[in-house]
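Q: My questions all concern the structure below.
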Amino acid sequence: MNSTYRGRFAPSPTGPLHFGSLVAAVASYLDARSRGGEWLVRIEDLDPPRVVRGAADEILRALEACGMQWDGAIICQSARFDAYHAALHRLRALGKVYPCACSRREIGDSAVSGIEGPVYPGTCRNGIADGKVARAQRIDTRGASIAFDDAVQGRIQQNLETDIGDFVQYRADHVFAYQLAVAVDDAGQGITDIVRGADLLDSTPRQIYLQQLLGFPTPRYAHVPVAVNAAGEKLSKQTRAAAIDAQRPLPALLAALHFLGQNPPRDLGTANIAALWDWAIANWNIEHVPRCRAMERREA
Ligand code: GLU
Numbered sequence: 007m008n009s010t011y012r013g014r015f016a017p018s019p020t021g022p023l024h025f026g027s028l029v030a031a032v033a034s035y036l037d038a039r040s041r042g043g044e045w046l047v048r049i050e051d052l053d054p055p056r057v058v059r060g061a062a063d064e065i066l067r068a069l070e071a072c073g074m075q076w077d078g079a080i081i082c083q084s085a086r087f088d089a090y091h092a093a094l095h096r097l098r099a100l101g102k103v104y105p106c107a108c109s110r111r112e113i114g115d116s117a118v119s120g121i122e123g124p125v126y127p128g129t130c131r132n133g134i135a136d137g138k139v140a141r142a143q144r145i146d147t148r149g150a151s152i153a154f155d156d157a158v159q160g161r162i163q164q165n166l167e168t169d170i171g172d173f174v175q176y177r178a179d180h181v182f183a184y185q186l187a188v189a190v191d192d193a194g195q196g197i198t199d200i201v202r203g204a205d206l207l208d209s210t211p212r213q214i215y216l217q218q219l220l221g222f223p224t225p226r227y228a229h230v231p232v233a234v235n236a237a238g239e240k241l242s243k244q245t246r247a248a249a250i251d252a253q254r255p256l257p258a259l260l261a262a263l264h265f266l267g268q269n270p271p272r273d274l275g276t277a278n279i280a281a282l283w284d285w286a287i288a289n290w291n292i293e294h295v296p297r298c299r300a301m302e303r304r305e306a
């Protein structure tokens with residue numbers, strides 16, 4: 007086992023494993039295994055209203071049916087609030103986190119648009135106006151210019167203050183923000199390589215900024231294209247993506263390999279799962295992954 011590589015798959019248990027999430031699982035699994043690395047699974051059940059009962063188990067059973075074996079214990083974000091709390095406390099002690107009393111509407115009214123919608127104009131950076139109460143906690147992004155080299159998407163550069171704005175760390179509904187939780191968990195689990203869908207590419211500079219402030223190492227990143235339907239929508243529960251058939255996972259696995267540009271031989275379609283993984287691990291080449299953020303699912 008090569009202990010210098012540790013990858014992970016971090017599904018949100020909002021529904022069963024579908025083709026879109028399978029692609030991220032397969033890419034991270036192959037990148038890890040082809041380099042003799044470990045592959046961990048983390049259940050991102052951070053946001054209670056989005057969690058669907060039984061979905062985490064269903065995802066794990068589907069991974070097993072696909073023949074994907076994880077290393078070590080599975081961690082769940084719902085059991086990690088102390089770690090997120092400690093990180094938030096450190097950011098506050100650094101003077102980087104501040105309470106914000108602005109409503110979504112107030113921000114929408116006054117903000118200019120960035121990469122992901124309204125850029126928070128920093129209204130509460132110097133304190134909350136009299137008579138207002140803190141809703142969320144935000145991080146000061148002034149001066150944060152972040153760049154990294156993605157193994158699939160190339161060089162990515164963001165000026166967090168103008169592209170994103172002071173982003174939330176702790177939400178008004180008392181939920182730790184995804185960006186904070188992921189930065190804390192990736193460091194806590196010693197993740198060296200993150201391979202995931204390109205829908206998260208624009209989040210990565212925020213996570214790197216948090217890693218830098220918290221003194222965590224920055225992993226290597228590779229963002230593979232996300233699978234979209236003919237209308238250009240990401241496959242997800244909302245777009246009614248079909249669950250992977252755990253009784254018959256081979257066609258979906260083959261389709262995922264095609265999607266990732268891996269060109270599996272024709273006879274792999276009639277092989278068993280073990281033979282598929284033997285071929286895929288031996289032949290995984292990240293250079294063949296299409297260098298785009300989204301791609302329509304092609305049938306194998
Ligand atoms: N939980 C996220 C998702 O399912 C993935 C987070 C990550 O890989 O960093 O979209």
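Heads up, the sequence shown stops at 306 in this note's numbering, and the numbers go up one at a time, no gaps. Yeah, the Cβ is synthetic: ideal placement off N, Cα and C, and Gly gets one too. Computed from a predicted model, the values in this text were never measured in an experiment.
1. Mind checking A62: buried by the 16 CB within 10 Å criterion, or exposed?
2. For A142, count the other beta carbons within 10 Å of its own beta carbon; 16 or more makes it buried, fewer makes it exposed. Which is it?
3. For I80, does the three-state DSSP call read helix, strand or coil?
4. Taking the beta carbon of C106 as the centre, do at least 16 other beta carbons fall within 10 Å, making it buried, or is it exposed?
5. Please report how far the alpha carbon of V188 lies from the alpha carbon of H229, in whole angstroms.
6. Give me, in chain order, the residues of the same chain whose beta-carbon lies closer than 7 angstroms to that of G128; leave out the 5 immediate sequence neighbours on both sides.
7. Would you mind sorting D191 into buried or exposed? The rule is 16 or more other CB atoms within 10 Å of its CB.
8. N165 by DSSP, collapsed to three states: which one?
9. Is I145 helix, strand or coil when you go by DSSP?
10. Considering Q175, what are the terminal residues of the beta strand (DSSP E) in which it resides?
11. Can you tell me the Cβ-Cβ gap for I292 and L28, rounded? I've got them flagged as a contact below 8 angstroms.
12. Cβ of P17 versus every heavy atom of ligand 1: is any distance shorter than 7 angstroms?
13. Going by the beta-carbon positions, is the gap between F265 and A300 smaller than 8 angstroms?
14. Which of the three DSSP states is assigned to F222 in this structure?
15. Looking at the strands, I want to know which residues DSSP matches up with G203.
16. Between the C-alpha atoms of K240 and R303, what's the straight-line distance to the nearest angstrom?
17. Please report the straight-line C-alpha distance between P312 and L94, rounded to a whole angstrom.
18. Is A107 helix, strand or coil by DSSP?
19. Going by DSSP in three states, P127 sits in which element: helix, strand or coil?
20. In the DSSP output, which residue or residues are listed as bridge partners for R48?
21. Classify P296: buried if its beta carbon has 16 or more other beta carbons within 10 angstroms, exposed otherwise.
22. Spatial neighbours of G114 within its chain, please: CB distance less than 6 angstroms, with the 5 preceding and 5 following residues excluded, ordered by chain position.
23. Where does S309 land, buried or exposed, given buried means 16+ other C-beta within 10 angstroms?
24. Counting Cβ pairs, one atom from each stretch, are 3 or more of them under 8 angstroms apart for the region 215 to 223 and the region 49 to 61?
25. Would the region 33 to 49 and the region 272 to 280 be scored as touching if the rule is three or more Cβ pairs under 8 angstroms?
26. Once the 5 residues before and after I65 are set aside, which same chain residues still bring their CB inside 7 angstroms of it?
27. With a threshold of 7 angstroms on Cβ separation, who are the neighbours of Y176 within its own chain once the five nearest residues in sequence on each side are excluded?
28. Buried or exposed: where does L166 fall if 16 or more other Cβ atoms within 10 Å of its Cβ makes it buried?
29. If you compare alpha carbons, which of Q195, A262, D136, L259 is closest to C82?
30. Any chance the CB of E50 is under 7 angstroms from a heavy atom of ligand 1?
31. Can you list, in chain order, the residues of its chain with a C-beta nearer than 7 angstroms to that of Q314? Leave out the 5 residues immediately preceding and following it.
A: Reading it off the structure:
1. A62 is buried by the Cβ-count criterion.
2. buried
3. I80: coil per DSSP, three-state reduction.
4. Label assigned to C106: buried.
5. Here the alpha carbon of V188 sits roughly 15 angstroms from the alpha carbon of H229.
6. For G128, the CB contacts under 7 angstroms within the same chain, skipping 5 residues up- and downstream, are D172 in chain order.
7. Taking all protein chains in view, the Cβ of D191 is crowded by 16 or more other Cβ atoms within 10 Å, so the residue is classified as buried.
8. strand
9. Strand.
10. 174 to 176
11. Between L28 and I292 the Cβ distance is about 17 angstroms, and since that is not below 8 angstroms, they are no contact.
12. yes
13. Between F265 and A300, the C-beta spacing is not below 8 angstroms.
14. coil
15. V230
16. 10 angstroms
17. The structure shown does not extend to residue 312, since the chain is modelled only from 7 to 306, so the question has no answer here.
18. coil
19. coil
20. Residue pairing by DSSP places R48 opposite I81 in a beta bridge.
21. exposed
22. P124
23. An answer regarding residue 309 cannot be provided, because it is not within the stretch 7 to 306 covered by the chain.
24. Touching, no.
25. In the pairwise beta carbon analysis, the region 33 to 49 is classified as not touching the region 272 to 280: fewer than three pairs are separated by under 8 angstroms.
26. P17, P19, P22, L23
27. L94, A142, Q143, F182, A183
28. Flag for L166 reads buried.
29. Q195
30. Within 7 angstroms of the C-beta of E50 there is at least one heavy atom belonging to ligand 1.
31. The first residue shown for the chain is 7 and the last is 306, placing residue 314 beyond what the model contains.
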